[in-house]
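S.K.:
In the UniProt record's numbering, the protein residues as written are 1 to 127.
(1) Taking the CB atoms as reference points, tell me whether residue 64 and residue 87 lie closer together than 9 Å.
(2) In whole angstroms, what separates the C-alpha of residue 97 from that of residue 25?
(3) Tell whether a beta-carbon distance below 9 Å holds between residue 49 and residue 61.
(4) Express the C-alpha separation of residue 89 and residue 9 in angstroms, rounding to a whole number.
(5) Could you spell out where the alpha helix (DSSP H) holding residue 27 opens and where it closes?
(6) What first and last residue would you give for the beta strand (DSSP E) that runs through residue 59?
(7) DSSP three-state call for residue 105: helix, strand or coil?
(8) Could you please give the first and the last residue of the uninterrupted beta strand (DSSP E) stretch that includes residue 22?
(9) What are the start and end residues of the beta strand (DSSP E) that includes residue 47?
(10) Straight-line CA distance for residue 108 to residue 69?
(11) Out of 103, 101, 78, 102, which one is the CA nearest neighbour of residue 21?
Spelled out as structure tokens, the structure:
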């Protein structure tokens with residue numbers, strides 16, 4: 001069963017600290033997702049997972065899917081919804097997804113507090 005996780009959800013029980021949200025979307029990422037969802041990816045959702053590849057062992061994978069799978073986490077933040085593969089959840093807790101436009105490239109980036117390092121080319125990470 002998929003679960004909807006909204007950032008800034010209910011307060012924790014007394015004596016417990018609040019868990020960080022699974023993921024947050026920056027304003028730029030939300031705006032780019034809105035444009036993608038309204039354009040060529042209309043009716044689909046972005047699914048984020050973590051795969052094994054690259055020098056450091058792990059990499060972020062993104063695909064557009066028609067619907068949430070039975071074990072996908074549904075994250076709604078900043079007016080947009082993304083799916084997170086349940087196997088990737090522990091690697092992504094507290095991550096902020098951003099969208100950056102630079103002189104020669106543009107794309108989604110991840111600011112992940114769980115990362116301990118990245119490979120030299122920046123394509124993979126380890127925790």
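Backbone N, C-alpha and C fix where the C-beta goes; we use that ideal spot for every residue, glycine too. Just so you know, these numbers come straight off a predicted model, no measurement behind them.
M.R.: Let me spell this out:
(1) Mapped onto the chain shown, residue 64 falls at position 64. Mapped onto the chain shown, residue 87 falls at position 87. No, the Cβ-Cβ distance between residue 64 and residue 87 is not below 9 Å.
(2) As a first step, residue 97 must be located in the chain shown, where it is residue number 97. As a first step, residue 25 must be located in the chain shown, where it is residue number 25. A straight-line Cα-Cα distance of about 5 Å links residue 97 and residue 25.
(3) What you label residue 49 is simply residue 49 of the chain shown in a count that begins at 1. What you label residue 61 is simply residue 61 of the chain shown in a count that begins at 1. A contact, by the Cβ cut-off of 9 Å.
(4) Start at 1 with the first residue of the chain shown, and residue 9 comes out as number 9. Start at 1 with the first residue of the chain shown, and residue 89 comes out as number 89. Only weak support exists for where residue 9 lies, its pLDDT of 47 falling under 50; the coordinates are left without a value.
(5) Taking the chain shown and counting its residues from 1, the one referred to as residue 27 is at position 27. Segment 27 to 38, the alpha helix (DSSP H) holding residue 27.
(6) Position 59 of the chain shown, counting from 1, holds the residue named residue 59. Counting along the chain, the beta strand (DSSP E) containing residue 59 begins and ends at 58 to 65.
(7) Position 105 of the chain shown, counting from 1, holds the residue named residue 105. Here residue 105 sits in coil by DSSP.
(8) On the chain shown, position 22 is the one that residue 22 refers to. Annotation: residue 22 is outside any beta strand (DSSP E) and is labelled neither H nor E by DSSP.
(9) Locating residue 47 in the chain shown gives position 47, counting from the first residue. Element bounds for residue 47: 45 to 52.
(10) On the chain shown, residue 108 is found 108 positions in, with the first residue counted as 1. On the chain shown, residue 69 is found 69 positions in, with the first residue counted as 1. Between residue 108 and residue 69, the C-alpha separation is close to 22 Å.
(11) What you label residue 21 is simply residue 21 of the chain shown in a count that begins at 1. Distances from the CA of residue 21 to each of 103, 101, 78, 102 were compared; the closest alpha carbon is that of 78.
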